[in-house]
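Presented below is the structure to which this report refers.
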Amino acid sequence: MYTWGGRLPSDGFVSSGRKMLVQLTISNFAILEHLEITLKPGLNILSGETGAGKSIIIGAVNLILGGRASSDLIRSGCSEATVEALFSLPGNPHLTEFLENSGIPFDGELLIKRTVSREGRNRISVNGSMATLQMLTRLSGALISISGQHEHQLLLRPDNHIYLLDDFAGLTAEREALANVFYKWKSLQEAIVALKEEIAGISEKQELTHFQIQEIEKAEIRPEEDEVLADEKRRLLYTEELMQIVSEGYHGIYEGNNAVLSFISRYLKRIEKAAEIDPRLEPVRDVLREVEVRLEDVSFSLRDFRNEIDMDPSRLEEVLERLDLLNRLKRKYGPTLNDVLRFRETLSSKLYDMEEKTQTLASLEAEYASVDAELAQRAQALSRKRKKAAKRLEKAVESELRNLHMRETRFLVEFGDDCIAGQADRATQDPGIRADGRDRAEFMISPNVGEMLRPLSKIASGGELSRIMLAVKTILARTASVETIVFDEVDAGISGATAEIVGKKVLSLSKYHQILCITHLPQIVSQGQTHFLVKKEVSGGRTYTGITELDMESRVQEVARLIGGEVITPNALAVAREMLSE
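425 is the number that our numbering gives to position 423 of the sequence shown; each next residue is one higher, with no gaps.
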């Protein structure tokens, strides 16, 4: 069990297995200082004078469902407002899986707490674990549906009608599956368009790319070849000078009549004799011997170098031409030969990438064709089911409206792209297929005999709209996934016998769901199985709102007040008792 701001009910509702909102605790919210409601299964009625705070309670429920938080909601003089709601939700595998995946403990009870501070901090917890607003919004879809002015406006918007039809027909999952296919289809389409643009961009440059690769490959470049050729060019430019220098050296050292090596050899023989006479000349002798050997090596090196000098003028021309080619390539693709070679690799990679992209495009187009066919098939199947379901919905709504004193009303679900003005926008190239299918639907109504069918948004009065909403709610209740339905303004524009019928209809809904109904009509109040009175008081210059669960006698008093006003007459009491006894 999780820590709870109030006390749990002791009458067994939590353990009864009924899915419902068990308790609502509101602190420092608008004019509410502290208010605690322990709700029960079936039809829970909230009544009270205008301005007592009934709609504020709905605002607090909206906050629990992920509604917009604002510091304006905080009671004057307080630093924060808090709303807590405890739900009993046994046997709910989808909710269990969602909470477990979110790391939130769950044993069949769900405690949601939301706090709003004046500093703008917005804290949310679910079963004691911190939660996000997105998580809260997802949870709320399975918990409570509020039917009030906002939902009336949703009913007046034609683009919501297809979703109501799907809810009635149990086609929501099928529509969502189609939406998944649609978004995959759209993603593939966008990927194909982008890839084609890339391929087109590469194709435009493909001829140039091939030319550049061929130009580089034809040159058969070797790494650092330009440096080797530059050295050779330098030598070739000074061939004659080198030949002269080397020849002079060889001749002077080895070949000439007065060659240095000949002189050293002759003189060495004399020093060798002298060293035999005086050993002190031995070091000189040794040096001369080494000089003789070294000079001989030098002369042979000069001779070999002279023999290797290429005096062919055509070689210089070849080197100059090769260097010119390499320099041109470096200017175009360089600045170095290594850069030129890397550029060729880049070009080759682009060509390979082009081939790869072409293969990818073919694969995407094949997948697109498959998904396109699946999308069309799903859209067609969903459309057929919707049109069959529309006939059933028309009959069901007309039947419910007859029970709500709208006996002559005709109701039609009209299909077609033109039935919603300005809504024929195409998200795809395929005529009519969108994320929700190919259908546009609008509810048409004729409240009176002889009148043409017209859009619901253009013909329904407040009272008619309330009854139509109730009729739709009644029909959808049989398949709806929410556990609790809140009715605010269900009595708008109605009175008398119609109000009594509406009250009975709301009561019939409580067979399927827990109902919380805010009303000021005695005909609806008298149908309640549990009745709460919301009352406002002023004390010490501050306004306080309290809530009380009424016993039978108190209910009689409240119904009588609603019938006759502040002065409760014996006749009003008698009528109230009669209404409550029915």
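Ideal Cβ positions, reconstructed from N, Cα and C, are used throughout, including at glycine.
| Item | Value |
| --- | --- |
| Starting from residue 115, trace the beta strand (DSSP E) in both directions and tell me its first and last residue. | 111-119 |
| Smallest Cα separation from residue 119: which of 79, 131, 460, 94? | 79 |
| Relative to the C-alpha of residue 367, which residue among 112, 186, 527 is closest? | 186 |
| What three-state label does DSSP hand residue 457 in the structure shown? | strand |
| Count the other CB atoms, across all protein chains shown, that sit within 10 Å of the CB of residue 279; report buried if there are 16 or more and exposed otherwise. | exposed |
| Express the C-alpha separation of residue 356 and residue 204 in angstroms, rounding to a whole number. | 7 Å |
| Of the residues 507, 138, 220, which one's Cα is nearest the Cα of residue 70? | 138 |
| Around the C-beta of residue 43, are 16 or more other C-beta atoms found within 10 angstroms, so that it is buried, or is it exposed? | buried |
| Whose C-beta lies closer than 7 Å to the C-beta of residue 563 among residues of the same chain, with five residues either side of it excluded? | 570 |
| Starting from residue 36, follow the beta strand (DSSP E) in both directions and report where the run begins and ends. | 34-40 |
| Taking residue 453 as the reference, give the member of 411, 21, 438 with the closest Cα. | 411 |
| Within its chain, find whatever has a CB closer than 8 Å to the CB of residue 396; leave out the 5 residues flanking it on each side and keep chain order. | 413, 414, 415 |
| Return the Cβ separation of residue 148 and residue 60 in integer angstroms, given the expectation that the two are a contact with Cβ distance under 8 Å. | 6 Å |
| Taking just the CA atoms, how far does residue 215 sit from residue 350? | 7 Å |
| Since residue 534 sits in a beta bridge, which residues does DSSP pair it with? | 48, 551 |
| Could you tell me the alpha carbon to alpha carbon distance between residue 41 and residue 435, rounded to whole angstroms? | 45 Å |
| Which runs of the alpha helix (DSSP H) spanning at least 4 residues fall entirely within the region 153-233, listed in chain order? | 163-171, 174-206, 208-221 |
| Taking the C-alpha atoms as reference points, what is the distance between residue 157 and residue 358? | 52 Å |
| With distances taken Cα to Cα, identify the nearest neighbour of residue 170 among 223, 68, 474, 342. | 474 |
| Which residue from 546, 520, 538 puts its Cα closest to that of residue 57? | 520 |
| Less than 9 Å separating the beta-carbons of residue 526 and residue 47? | yes |
| Do the region 321-336 and the region 222-240 make contact, defined as three or more Cβ pairs closer than 8 Å? | yes |
| Can you name the residues that DSSP bridges to residue 581? | Its beta-bridge partners do not exist; DSSP assigns none. |
| Do three or more CB pairs link the region 177-197 to the region 336-353 at distances below 8 Å? | no |
| Report all residues from its chain with a CB closer than 6 Å to the CB of residue 1; omit the five preceding and five following residues, and keep chain order. | Missing from the structure shown is residue 1; the chain here goes from 3 to 584 and no further. |
| Threshold first: 4 residues or longer. Then list the alpha helix (DSSP H) segments lying entirely within the region 475-519, N to C. | 498-511 |
| In the DSSP assignment, what are the bridge partners of residue 446? | 414, 457 |
| May I ask which residues mark the beginning and end of the beta strand (DSSP E) holding residue 87? | 82-90 |
| Would DSSP call residue 138 helix, strand or coil? | helix |
| Near residue 503, which residues of its chain fall below 8 Å by C-beta distance, leaving aside the five closest residues on each side in sequence? | 405, 406, 407 |
| Rounded to a whole number of angstroms, what is the C-alpha to C-alpha distance between residue 307 and residue 248? | 8 Å |
| For residue 540, is the classification buried or exposed, using 16 other Cβ atoms within 10 angstroms of its Cβ as the cut-off for buried? | exposed |
| May I ask you to verify whether the region 186-202 touches the region 378-397, counting CB pairs closer than 8 Å and requiring at least 3? | no |
| Quick check on this structure: which residue in 115, 583, 244 has the alpha carbon closest to the alpha carbon of residue 554? | 583 |
| Look at the Cβ atom of residue 110, then the Cβ atom of residue 127, and state whether they are nearer than 9 Å. | no |
| Note down the Cα distance separating residue 179 from residue 346, rounded to an integer number of angstroms. | 49 Å |
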